[in-house]
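Anchor point for the sequence shown: position 217 equals 217 in our numbering, and the numbering is continuous, going up by one each time. All residues carry an ideal CB built from backbone N, CA and C; glycine is no exception. Keep in mind the model is a prediction, meaning the values are calculated, not measured. Have a look at the structure below, then the notes.
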Amino acid sequence: MKHLFTPFQIKGLELKNRVVMPPMCQYAVTNNDGIVNDWHYNHYLSRAIGGTSLIIIEMTDIEPDGRITDHDLGLWSDEQIAPLKRIVDALHQYGAKVGIQIAHAGRKAEDAEVPVAPSAIPFDDTAKTPRALTTEETKQMVEKFRLAAERAIKAGVDTIEIHGAHGYLIHQFQSAFTNKRTDEYGQDLTLFGREVIQAVKSVMPADMPLLMRISAREYVDGGYGLEQSLAFSKVYKDAGVDLFHVSSGGEGPILAHGRPGTHVAYQVPMAREIKNALNVPVIAVGRLDDFALANAVIGNEEADLVAVGRGMLRNPYWTLEAATKLGKEIAMPGVYGMGFGVR
């Protein structure tokens, strides 16, 4: 039976276990240049030492105005490659494989003077009203995704994740809630995402898998549900996505009082549906911090990989501790085994 510490392979990506560190923005860039610094180096390296098999570096943006804030990472300049490569090389030394999430925040770019989006619809009453991209500008965005992917590959990453979730630009194009265009990108809501996938795929090595994070359901009136996300995921799979990272939301609040997001594993059923319907590997994410629960998601074949976010923010050595608690073998770095009762 498969479990959390069963190796996993997709194309040329070989993972020593099924534990993934999902992308989580650090908002730690200090010079408004999008370049990683020592905070990012230490942050990611500690999770590699902690046994995580796949570390997906946080949302990294294709242009300055594509950032959520001016403290986010970027891959719009060749100057950003070498500092990123320093981190990638360090993580590889501890047996971790490295992905990076490339993205554009669209209308959710808080520090952009005038954000851009498919349509001129603000995120909420406090957000700036975005400017609708022209058709030509939309095509230029596709090229910027391609160039960012090219830089990521030069930095040595093992895989790339396209961010198509959480209300950011690709998500905005694929949702009828935010896309009111009348041009080709409004007539076919998957066109922008499909073109980004094909552009990124064009610069990737043949044996490198392409990941895509999606929101499988929107929690807002007029938003899409699982039926629609299954349909657009099928399109994206046919365009070249090899594995889906299944999340949800981004266009409406996830609050307490019984709303989605208040119970553990609330997104796992969506990951399972996409996995089974499309016969495609998936990463499950969302309140999967409990070791036994994460292990069960793999053992029950509800997902192929499990992403642990907040749990790994609290404990960089979550994976080492999980192996110990579950009675699974794992290589302990240095003398760390003494801390986990392993000689």
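Which residues mark the beginning and the end of the beta strand (DSSP E) in which MET212 is found?
For the purposes of this step, residue 212 is taken as residue 212 along the sequence shown, with counting starting at 1. Start and end: 210-215.
Output the distance between the C-alpha atoms of VAL235 and THR60, rounded to the nearest integer angstrom.
If you number the sequence shown from 1, residue 235 lands on position 235. If you number the sequence shown from 1, residue 60 lands on position 60. Spanning the alpha carbons of VAL235 and THR60 requires a straight line of approximately 24 Å.
For ARG86, which option in GLN172, LEU189, ALA152, PRO209 has the closest C-alpha, if you only look at C-alpha atoms?
Taking the sequence shown and counting its residues from 1, the one referred to as residue 86 is at position 86. Minimum Cα distance to ARG86 is reached at ALA152.
Using a beta-carbon distance below 8 Å, is LYS234 in contact with chain C?
This model lacks chain C altogether; it includes just one protein chain.
Leaving aside the five residues before and after TYR44 along the sequence, list all residues of the same chain whose C-beta is less than 7 Å from its C-beta, in chain order.
Locating residue 44 in the sequence shown gives position 44, counting from the first residue. Within the same chain, TYR44 has close Cβ partners ILE55, ILE57, ILE87, LEU91.
Mind checking which residues open and close the beta strand (DSSP E) that includes GLU150?
For the purposes of this step, residue 150 is taken as residue 150 along the sequence shown, with counting starting at 1. Careful: GLU150 lies outside any beta strand (DSSP E), inside the alpha helix (DSSP H) at 135-154.
Rounded to whole angstroms, what is the Cα-Cα separation between HIS257 and ALA265?
Looking up residue 257 in the sequence shown gives position 257. Looking up residue 265 in the sequence shown gives position 265. Here HIS257 scores only 47 on pLDDT, less than 50, and its place in the model is too uncertain to base an answer on.
Taking C-alpha atoms, which residue in VAL335, VAL114, VAL285, MET332 lies nearest to VAL19?
Taking the sequence shown and counting its residues from 1, the one referred to as residue 19 is at position 19. When C-alpha distances from VAL19 are compared across VAL335, VAL114, VAL285, MET332, the shortest belongs to VAL285.
Near ASP207, which residues of its chain fall below 6 Å by C-beta distance, leaving aside the five closest residues on each side in sequence?
In the sequence shown, counting from the first residue as 1, residue 207 sits at position 207. In chain order, LYS11, GLY12 place their CB closer than 6 Å to the CB of ASP207, counting only its own chain and leaving out the 5 sequence neighbours on each side.
Contained alpha helix (DSSP H) runs [length at least 4] in the segment 271-321, N- to C-terminal order:
Qualifying alpha helix (DSSP H) stretches, in chain order: 291-299, 310-314.
Are the segment 268-287 and the segment 212-231 touching by the rule of at least three beta carbon pairs closer than 8 Å?
Counting Cβ pairs under 8 Å, three or more are found: they touch.
Going by C-alpha distance, which of GLN26, ALA96, ALA132, HIS71 is nearest GLY186?
As a working mapping, residue 186 is identified with position 186 in the sequence shown. Looking from the CA of GLY186, the closest CA among GLN26, ALA96, ALA132, HIS71 belongs to ALA132.
Which of the three DSSP states is assigned to LYS2 in this structure?
Locating residue 2 in the sequence shown gives position 2, counting from the first residue. Residue state for LYS2 is assigned as coil, using DSSP reduced to three classes.
Check ILE81 in the structure and name its three-state DSSP category.
What you label residue 81 is simply residue 81 of the sequence shown in a count that begins at 1. Note: ILE81 maps to helix in three-state DSSP.
Sequence-distant residues of the same chain with beta carbon closer than 6 Å to PHE123, five excluded per side
Residue numbering aside, residue 123 sits at position 123 when the sequence shown is read from its first letter. Cβ contact annotation for PHE123 (same chain, cutoff 6 Å, sequence separation greater than five): ARG107, LYS108, in chain order.
Output the distance between the C-alpha atoms of LYS201 and VAL114, rounded to the nearest integer angstrom.
What you label residue 201 is simply residue 201 of the sequence shown in a count that begins at 1. What you label residue 114 is simply residue 114 of the sequence shown in a count that begins at 1. Rounded to the nearest whole angstrom, the C-alpha separation of LYS201 and VAL114 is 30 Å.
Assumed close pair GLU251, VAL203 - CB separation to whole angstroms, cut-off 8 Å:
Looking up residue 251 in the sequence shown gives position 251. Looking up residue 203 in the sequence shown gives position 203. About 30 Å separates the beta carbon of GLU251 from that of VAL203, a gap too long to meet the 8 Å contact definition.
Looking at C-beta atoms only, is the number of pairs between the segment 63-82 and the segment 170-181 that lie closer than 8 Å three or more?
The count of Cβ pairs closer than 8 Å, one atom from the segment 63-82 and one from the segment 170-181, stays below three, leaving the stretches out of contact.
Within the continuous alpha helix (DSSP H) that includes GLN26, where are the two ends?
Mapped onto the sequence shown, residue 26 falls at position 26. Neither: GLN26 is in no alpha helix (DSSP H) and is coded neither H nor E.
Below 8 Å, how does it come out for the segment 317-329 and the segment 28-40: are there three or more Cβ pairs, yes or no?
These segments do not touch.
Give the DSSP-derived three-state secondary structure of THR324 in the structure shown.
Position 324 of the sequence shown holds residue 324. Reduced to three states, the DSSP call for THR324 is helix.
Could you give the C-beta distance for LEU4 and ALA294, rounded to a whole number, given that I count them as a contact under 8 Å?
Taking the sequence shown and counting its residues from 1, the one referred to as residue 4 is at position 4. Taking the sequence shown and counting its residues from 1, the one referred to as residue 294 is at position 294. Yes, they are in contact, since the Cβ atoms of LEU4 and ALA294 sit about 6 Å apart, within 8 Å.
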